[in-house]
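Participant: Residue numbers (UniProt numbering): 1 to 215. Beta carbons: idealized from backbone N, C-alpha and C, even for Gly.
(1) Taking the beta carbon of residue 49 as the centre, do at least 16 other beta carbons fall within 10 Å, making it buried, or is it exposed?
(2) Can you have a look at residue 96 and say buried or exposed, based on whether 16 or more other CB atoms are within 10 angstroms of its CB?
(3) Reducing DSSP to helix, strand and coil, say where residue 6 ends up.
(4) In angstroms with no decimal places, state the Cα-to-Cα distance between residue 151 and residue 184.
(5) Return the bridge partner residues of residue 224 from the DSSP annotation.
(6) Can you give the Cα-Cα distance for residue 124 and residue 142, rounded to whole angstroms?
(7) Between residue 195 and the rest of its own chain, which residues show a CB-CB distance below 6 Å, the 5 nearest in sequence each way excluded?
(8) What does residue 204 pair with, by DSSP beta-bridge criteria?
(9) For residue 72 and residue 45, which I take to be in contact (beta-carbon distance under 8 Å), what is that distance rounded to the nearest angstrom?
(10) Note down the Cα distance separating residue 212 from residue 179, rounded to an integer number of angstroms.
(11) Are the C-beta atoms of residue 162 and some chain B residue less than 9 Å apart?
(12) Is the segment 131 to 146 touching the segment 109 to 119 in the sense that three or more CB pairs, one from each, lie closer than 8 Å?
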């Protein structure tokens, strides 16, 4: 895996917390306040790498994992015991605040959720399909990396299945292109990013229904 480590971007870590439920795997999402970063959006817990998360000589991914664990404890009171690196998201050029963010799958430790009042308005366990449907119905707001991650989890039968599917963290270098009806987000596997003609790795974010065209 190659990440744009020569690009001087701040780094963050995010925890995609999973639990088994009668209808399949569920994911913990929290709603941010209507201010600041991701205002009003439903996201996974996480945040920026702080100096205390850094270990001299450690890979960036490990520092981001420590940030994901710490931020999860601060935001929702869960003490994560296991992390599986899932993906690394490099934001598109030209947006106001660019942060390279590592996503980690983590089994639910089973503790009571204790939302931080200043950072979390609401928490909810969603089936991945239910979260995507709620976005399309206008009930919740999702950011593209959250949407893409939920979409990939739709086929997981349970938590262990989701964890076992991750072989090597994928790198998503995001580009965006405005369309008449919304925004097209695309990644390295798309012809617009230099892949062979006909290749698709894109999220068509046009209301009311977002859709993925991928390999």
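Facilitator: Put simply:
(1) Label assigned to residue 49: buried.
(2) Flag for residue 96 reads exposed.
(3) The pLDDT assigned to residue 6 is 45, lower than 50, so where the model puts this residue is not dependable; a value taken from the coordinates is nonetheless given after this. When DSSP states are grouped into helix, strand and coil, residue 6 belongs to the coil group.
(4) Each residue's CA atom was taken as its position, placing residue 151 and residue 184 some 16 Å apart.
(5) Because the chain is modelled from 1 through 215, residue 224 falls outside the range shown and cannot be assessed.
(6) If I take the Cα positions, the gap works out to 14 Å.
(7) 189.
(8) Answer is 184, 211.
(9) Contact between residue 72 and residue 45 is confirmed by a C-beta separation of about 4 Å, below the 8 Å threshold.
(10) If I take the Cα positions, the gap works out to 15 Å.
(11) Protein chain content of the structure displayed is limited to a single chain, and chain B is not contained in it.
(12) As far as the Cβ criterion goes, the segment 109 to 119 does not touch the segment 131 to 146, which means the pair count is below three.
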